[in-house]
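In full-length UniProt numbering, the protein residues as written are 1 to 479.
Report on the following structure.
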Amino acid sequence: MRRWIRLLAAVAVMAGASAPGTAAGAAPDRAAASAAVEAPATYYTQADDPTRVELPVTINAGSGANVRGAVLTVDASRVRGLVRLQAKRVCTEGAGYVFTCRLTSSQGEFRLRDLVVLGADKKAAPGTHGTVFFRLATAGGQRAEARTEMTAGSPELWGRKLAFHDAPAGKPLKIRGGVLNHGPFTASGFRVTVSALTDTHLRHSYSNCRYSETGGSRAYCVFDTPLEPGRAYLFDAPFILEGESELTRGTAVLTVFAPGQDAGPYFDEAVYTIPGEGPALGLTPTEPTGFAHLADLIPVETDQHIDVQAVAGSLDGRPGDTVELTVGVRNAGPGRIDARYVRYEITPPDGTTLIPPDKPSPDPDEDEGSYWSCSPWKAGAAHYSCDGGNLPPGKAVTQVLRFRIDSAYAGTGKVTAVLRNGYASHDSRPGNNTAEITVAGAEAGLGGRFGWAGVAAAGFAAVAVLVAGVAYRRRRAAR
């Protein structure tokens, strides 16, 4: 379960049957003339990390009808003691581990969400299995049946370890993954999901895959090749991501799993509505090396560069004045940088005080106040650390802050852009990561804007005038 939460992907899917070495993934016929029940042919259950997963069953009332008044009977008597099921809402548990679901939806097609798989029974031996029977009776008198082979426990499928370094920016990226069964028993098949990097696009290349462009470019592929323990395959062709010229760094996700493995609440097979083109994606046997548990994340580093610049300026005022100044960071491109990789630090000039805005009122009817993205949230700190933001080429992330000039002899402060996790290697001009905060006119409290040297010169001039005057008076007295 922890694996799938980490990836924010989810899987509890349908499996068919085909010859070894082939793949099948055609969407079911949604315009069936008669009622139908769609259920996975094989379903594995988590053993060591139980979860709450909706059993993936879909009821189709047939052309022109809806499921209201239909009754679905689920006979799970043969998996009692192997798999733990729980009924809720429209489903109830009866005697002998038989469940009854009374449907009230006005939809013609209905995804059952009220029969939940809690996982394998703790006393069940891994690999033991039984058949669950589904029997549908519609209000119009139609009948339909389906069955699922449910297994206590699940194969442990590993993905291929992949990473890309210095990939050409803007060029297609080819990801050729694979699968290894590292578990104790055979998987009847497996599934693959691929999520492209931000602002990149997956080619819709394979007939055994379906694709989605909702919430990012993604693929979902079905393989019915049995996968014995220790057996490994490579895909015989790559998934191709169309490049984004601004991309500097990102992460693709390629997940492999057996039918029925839990992948959390975020996977929805129904969103993969775009059919793939061309031949089916096939499998090539390979040695069981180069695979790993939790190998789903694929880091991608391109040869694109950025130019992150600190934003600062001059505080123009006299002692006692409070002066506003825009500070932050900007990116001159040509690549982009994500928020998690950039922040900036503010060092106020000596002799000044940075005054943060007031904290927001808990009263929802009051104004939220000025923007503030730094810490600590107090005046007079020697240093402040501030959040950056997503920086595509040409964008700046700034805020207007207030500085009080406390002294006539203020020094020089700075704003420094900080690039994290090795991102500095992408910066083509690191020299402009720092910008000075200067104070102009702070000495005006002494009567002018000419600085300490001017003050000293004025002092010497005054002394000279005074000495000359004394000498003149002495000469007059001596006459």
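Beta carbons are placed, not taken as given, at the ideal position from N, Cα and C, and that holds for glycine.
Being a predicted model, the structure only gives us computed values, none of them experimental.
Query	Result
R84 vs G119 beta-carbon contact at 7 angstroms	yes
Inter-residue Cα distance where the pair is L180 and A144	37 angstroms
Any 3 or more C-beta pairs closer than 8 angstroms across the segment 151 to 160 and the segment 291 to 306	yes
Where E301 falls: helix, strand or coil (DSSP)	strand
Residues near R249 by beta carbon distance below 6 angstroms, same chain, minus five either side	E301
Three-state secondary structure (DSSP) of R89	coil
Start and end residues, beta strand (DSSP E) containing V308	308 to 311
At least three beta-carbon pairs within less than 8 angstroms, the segment 398 to 412 to the segment 316 to 323	yes
Supposed close pair P349, V439 - CB separation, criterion 8 angstroms	5 angstroms
contact_flag[the segment 382 to 398, the segment 278 to 292] where n(CB pairs < 8 angstroms) is 3 or more	no
Integer Cβ distance of S245 from A169, believed to fall under 8 angstroms	6 angstroms
CB contact flag (P238, I175, <7 angstroms)	yes
N421 - DSSP class collapsed to helix/strand/coil	coil
Buried or exposed (CB count within 10 angstroms, at least 16 for buried), A95	exposed
Selected residue, minimal CA-CA separation from V418, among G276, A339, E269, T251	A339
Meets three-Cβ-pair contact criterion under 8 angstroms: the segment 270 to 281 and the segment 146 to 154	no
Per DSSP, cross-strand counterpart(s) of G119	R84
CB-CB length for G243 against P172, believed under 8 angstroms	6 angstroms
Contained beta strand (DSSP E) runs [length at least 3] in the segment 123 to 206, N- to C-terminal order	129 to 137, 143 to 152, 157 to 160, 164 to 167, 173 to 175, 178 to 181, 190 to 195
A339 (DSSP reduced to helix, strand or coil)	helix
Option nearest T255 by Cα separation, candidates S314, G177, D307, G313	G177
Where P362 falls: helix, strand or coil (DSSP)	coil
Contact check, D75 vs C91, beta carbons under 7 angstroms	no
Cβ contact check for the segment 209 to 223 and the segment 387 to 394: 3 or more pairs under 8 angstroms	no
Cβ-based neighbour list, residue 535, same chain, cut-off 6 angstroms, excluding 5 preceding and 5 following	Any property of residue 535 remains undetermined from this structure, which presents the chain solely from 1 to 479.
C-alpha gap between E345 and Q304, whole angstroms	25 angstroms
Coarse secondary structure for A95, derived from DSSP in three states	helix
A270 (DSSP reduced to helix, strand or coil)	helix
Counterpart residues of D236 in DSSP-defined beta bridges	D236 pairs with nothing; no bridge assigned.
Beta bridge counterpart(s) of Q399 as assigned by DSSP	V327
Bridge partner(s) assigned by DSSP for S314	T438
Beta-bridge partners of Y44, as assigned by DSSP	T151
Inter-residue spacing [alpha-carbon to alpha-carbon] between N60 and E38	8 angstroms
Three-way DSSP call (helix, strand, coil) for S77 in this model	helix
Neighbour-count burial assignment, G447, 16 or more Cβ in a 10 Å radius	Note that G447 has pLDDT 36, beneath the 50 cutoff, so the model's placement of it is unreliable and no number is given.
DSSP state of G216 mapped onto helix, strand, coil	coil
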